[in-house]
Amino acid sequence: MTVMHHIFYAPQNPNRRPSLILIHGAGGSFLSWHPRLRRLAGETVYTPDLPGHGESGGAGKNSIGEYARDVLAFIEENRIHKPVIAGHSMGGAIALDLALDAPEKLSGIALLGAGAKLRASPLILEKTKSPDTFPEAAALVNQNSFSPDAPKDLLRLSNENMLKTNPQTFHGDFLACDSFDAMERVASIRLPTLILCGTRDAMTPPKFSKFLAEQIPGARLHLIENAGHMLALEQPEVVARLLKEFLDGLPPLSSQQDSMQA
Numbered sequence: 024m025t026v027m028h029h030i031f032y033a034p035q036n037p038n039r040r041p042s043l044i045l046i047h048g049a050g051g052s053f054l055s056w057h058p059r060l061r062r063l064a065g066e067t068v069y070t071p072d073l074p075g076h077g078e079s080g081g082a083g084k085n086s087i088g089e090y091a092r093d094v095l096a097f098i099e100e101n102r103i104h105k106p107v108i109a110g111h112s113m114g115g116a117i118a119l120d121l122a123l124d125a126p127e128k129l130s131g132i133a134l135l136g137a138g139a140k141l142r143a144s145p146l147i148l149e150k151t152k153s154p155d156t157f158p159e160a161a162a163l164v165n166q167n168s169f170s171p172d173a174p175k176d177l178l179r180l181s182n183e184n185m186l187k188t189n190p191q192t193f194h195g196d197f198l199a200c201d202s203f204d205a206m207e208r209v210a211s212i213r214l215p216t217l218i219l220c221g222t223r224d225a226m227t228p229p230k231f232s233k234f235l236a237e238q239i240p241g242a243r244l245h246l247i248e249n250a251g252h253m254l255a256l257e258q259p260e261v262v263a264r265l266l267k268e269f270l271d272g273l274p275p276l277s278s279q280q281d282s283m284q285a
């Protein structure tokens with residue numbers, strides 16, 4: 024079993040709030056989350072790299088279900104009691120899969136730039152097949168992941184981080200996204216759910232998030248101005264505030280607590 028590298032942050036004074044696990048999207052890593060979110064004040068936060076990504080070993084997967092099982096194993100290995108899963112893009116699909124198949128393991132989910140059904144561009148799928156054309160695919164994804172007003176340095180750093188991903192893993196991620204379809208199932212989710220989407224998201228446009236909000240009972244939707252698909256990097260302060268408010272509204276955990284490490 025692959026050990027998932029992760030960044031761990033905990034407050035000085037332990038509390039009974041659910042831990043937060045941040046799951047990155049396709050071709051990403053823990054660097055897909057702004058440091059403001061990886062060190063969310065007053066919260067216990069895990070930011071893992073999925074297998075084959077960032078500093079984690081092993082190979083990437085070709086299905087959302089396989090990644091969800093890896094995240095579930097990570098929860099069990101670290102004895103994290105009923106965390107909140109915050110997933111971006113492909114990470115959102117992983118969060119949905121867990122909410123549907125293992126709801127008893129979670130306290131809630133937060134979906135950022137997500138969708139009940141994801142489809143990958145045929146051009147991206149084709150260009151990620153070869154290391155020679157992979158940089159073109161990464162550049163195309165990166166260009167469509169930010170709002171037009173995003174700082175150029177942010178796009179450059181994001182592209183550099185994306186290029187660190189193995190092309191085969193990148194291709195597998197987009198295959199996983201392309202086959203994901205929970206359109207007929209999401210209405211059965213009964214966990215507290217937060218949905219965040221940038222108003223200028225070209226990858227998973229706001230209509231995707233609106234559908235999720237309409238289908239999942241009690242879900243809360245926030246559309247974030249001046250943000251594209253990478254809203255956690257473009258508007259970290261807004262995302263941090265909304266995540267904190269969501270966690271504030273959850274009931275405290277029982278006396279069973281996380282056994283922490285990092």
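Numbering (the numbering used here), first residue to last: 24 to 285. Just so it is clear, CB atoms sit at the ideal spot from N, CA and C, and this is done for glycine as well.
Item	Value
With a 10 Å radius around its C-beta and 16 neighbouring C-beta atoms as the bar for buried, classify S282 as buried or exposed.	Its pLDDT being 40, under 50, S282 is placed unreliably by the model, and nothing is read from it.
Note down, in chain order, each residue of its chain lying with its Cβ closer than 6 Å to the Cβ of I218, except the 5 sequence neighbours on either side.	L134, S232, L235, A236, A242 and L244
Please confirm whether C200 and M113 have their CB atoms less than 9 Å apart.	yes
Would you report the Cα separation of H28 and L198, rounded to the nearest angstrom?	23 Å
What is the DSSP secondary structure of G88, counted as helix, strand or coil?	helix
Say whether chain B places a C-beta atom closer than 9 Å to the C-beta of L244.	Structure shown: chain B not included; a single protein chain is present.
Buried or exposed, going by whether 16 or more other CB atoms sit within 10 Å of the CB of A64?	exposed
Does DSSP put P274 in a helix, in a strand, or in coil?	coil
Pick helix, strand or coil for A49, following the three-state DSSP scheme.	coil
T222 by DSSP, collapsed to three states: which one?	coil
Judging by CA-CA distance, which residue of Q191, P215, S211 and R213 is the nearest neighbour of K84?	Q191
Start and end of the beta strand (DSSP E) containing I132?	G131 to L135
Output yes or no for whether 9 Å exceeds the beta carbon distance between E257 and L148.	no
Once the 5 residues before and after I30 are set aside, which same chain residues still bring their CB inside 7 Å of it?	F53, R61 and T70
I239 to S55, Cα distance in whole Å?	26 Å
Can you tell me whether A250 is buried or exposed, with buried defined as 16 or more other CB within 10 angstroms of its CB?	buried
Just the Cα atoms here: how many angstroms apart are L273 and G115?	19 Å
Specify the secondary structure class of L73 as computed by DSSP and reduced to three states.	coil
Taking L164 as part of the alpha helix (DSSP H), name the residues at either end of that continuous run.	With the sequence shown as reference, residue 164 is identified as Val, and Leu is not the correct amino acid for it. Here the alpha helix (DSSP H) through V164 covers F157 to Q166.
Does the distance from the C-beta atom of G88 to that of A82 stay below 9 Å?	no
So is D155 buried or exposed if we call it buried at 16+ other beta carbons inside 10 Å?	exposed
Quick check on D38: buried or exposed, where buried means 16 or more other Cβ atoms within 10 Å of its Cβ?	In the sequence as presented, Asp is not what sits at residue 38; that position holds Asn. The residue in question, N38, is exposed, as its Cβ has fewer than 16 Cβ neighbours within 10 Å.
Where Q280 and I46 are concerned, what is the direct C-alpha to C-alpha distance, given to the nearest angstrom?	Reliability of the predicted coordinates at Q280 is poor, the pLDDT of 47 falling under 50, and the value obtained from them is presented with this limitation in mind. Near 21 Å, if we compare the C-alpha coordinates of I46 and Q280.
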